[in-house]
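Position one of the sequence shown corresponds to residue 98 (the working numbering), numbered consecutively onward. The block underneath contains the structure these notes are about, expressed in C-alpha cells.
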Amino acid sequence: MLGAVVLFGPPGSGKGTQAKLLAARFGVPHVSTGDLLREHVAAGDEIGREAQALMQAGRLVPDELVERLVEERLSRPDARNGVVLDGFPRTLEQAESLSKLLKKRNLDELVIHLKVDYNKIISRLTARRQCPKCGTLYNLLSNPPKSDQVCDRDGSVLIARADDREEVIRERFRAYEALTLPLLERFRSSGRRLCEVDAGCGGPEELAGRIAALVRNAEARR
Ligand code: AMP
C-alpha cells in the first residue's frame, strides 16, 4: 500500500506535473487542492466564491475550507490505498489535520521536498500553460505542445493561470516563505519521513523516475 506521498515545494517547483506522473505510475489518485479549488471557482459555487479573490491575489484560502475538501476527497474509495498530494498541506494547521486524517485511514505519510532555485521558477511559471479541458500541463520553454499553444490531446487552446502573473507570483512566494516553509522544520522534528530531491535538473519523466525510486526505497525500509 502506497500511503500518502506529499509533494512539497514552492510554487512552480513542478509539484503538479510530478504528482500526475507519479499518481499514474503508482495507480493512485492525484489530489491537488489548487485543482479542487479551481473546479469550485469554475462552478461558481459557495466554496468557489469564497476562494476566488484570495487565489487571484496569491494568498492562501482558509485552512478549514481546504481541509474539508481534502477530507472529502480522501474518503472516496479510489483513495483507499493512497494518494499523491499536491499543494497540501501548506500550513502547520493543515499538516496536523492531514496527520489525523491519515491515521484514521491507516495510511502512512512520506514527504518529498522538491528543491528548485527561485530564479528558475519565475521563468517557469510565466511560461506555464494548461489545457482548460483535460488539465494537461505544458511549459512553452521546457515542455511545449506539438503545435503552438494548442493541447496535444484534444486541440483546445491553452491558457495561462490567472495567478501566474509576476506580481501575483511574488505574493505566492511570500505566502510560501511565511506559512509553508516552516513546515519543513516541523516535518523533521516530528520524525515524519522526508526525502529531498533536486528538482531543478532533468526532464519531467527523468525526475519522476528519481522520485519513484525514493518512494520505493522508503516503502522497502518501512
Ligand atoms: P496551486 O495550484 O497549488 O498553486 O494553488 C493555487 C492557489 O490555490 C494558491 O495560491 C492558494 O490561493 C490556493 N490553495 C491551494 N492549495 C491550498 C492550501 N493547501 N491552503 C490554502 N490555499 C491553497
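From the three backbone atoms N, C-alpha and C, an ideal C-beta is built for every residue, glycine too.
Of the residues the options, the one placed nearest residue i, counting alpha carbons only
i	options	result
Leu118	Pro107, Val102, Leu238 and Ala317	Val102
Ala315	Glu147, Leu189, Arg202 and Ile209	Ile209
Leu124	Asp183, Arg267 and Asp175	In the sequence as displayed, the identity of residue 124 is Gly instead of Leu. Per the Cα distances, Asp175.
Phe105	Glu263, Phe185, Leu304 and Ser287	Phe185
Lys200	Leu222, Leu304 and Glu168	Glu168
Tyr215	Arg318, Glu263, Val181 and Pro159	Glu263
Ala192	Asp295, Arg313, Ile308 and Arg289	Arg289
Arg156	Glu293, Thr277, Glu282 and Ala120	Thr277
Ala309	Ser110, Ala120 and Gln153	Ala120
Gly306	Gly109, Gly111 and Arg122	Arg122
Gly109	Asp295, Ala275, Asp261 and Arg318	Asp261
Arg283	Arg313, Gln149, Ser196 and Met98	Ser196
Arg165	Ile144, Val213 and Leu281	Ile144
Exposure of residue i, with buried meaning 16 or more beta-carbon neighbours within 10 Å
i	result
Lys230	exposed
Ile218	buried
Glu206	buried
Val254	exposed
Arg318	exposed
Ser287	exposed
For residue j and residue i, the rounded distance between their alpha carbons
i	j	result
Gly100	Ser239	31 Å
Thr233	Arg285	33 Å
Glu190	Arg170	18 Å
Asp160	Pro301	30 Å
Val247	Arg226	10 Å
Gly252	Pro241	14 Å
Tyr273	Pro107	6 Å
Arg221	Asn236	7 Å
Leu182	Thr188	14 Å
Gly141	Gln153	14 Å
Thr223	Arg258	9 Å
Arg271	Asp245	33 Å
Arg269	Arg173	30 Å
Ser128	Leu281	At residue 128 the sequence reads Val, which differs from the Ser that was named. Computed Cα separation, rounded: 20 Å.
Neighbour flag for residue i against chain E, beta carbons, 9 Å
i	result
Leu278	Considering every chain present, this structure includes no chain E. It has just one protein chain.
Opposing strand residues paired with residue i [DSSP bridges]
i	result
Ala272	Partner(s): none; Ala272 has no beta bridge.
Lys212	Asp295
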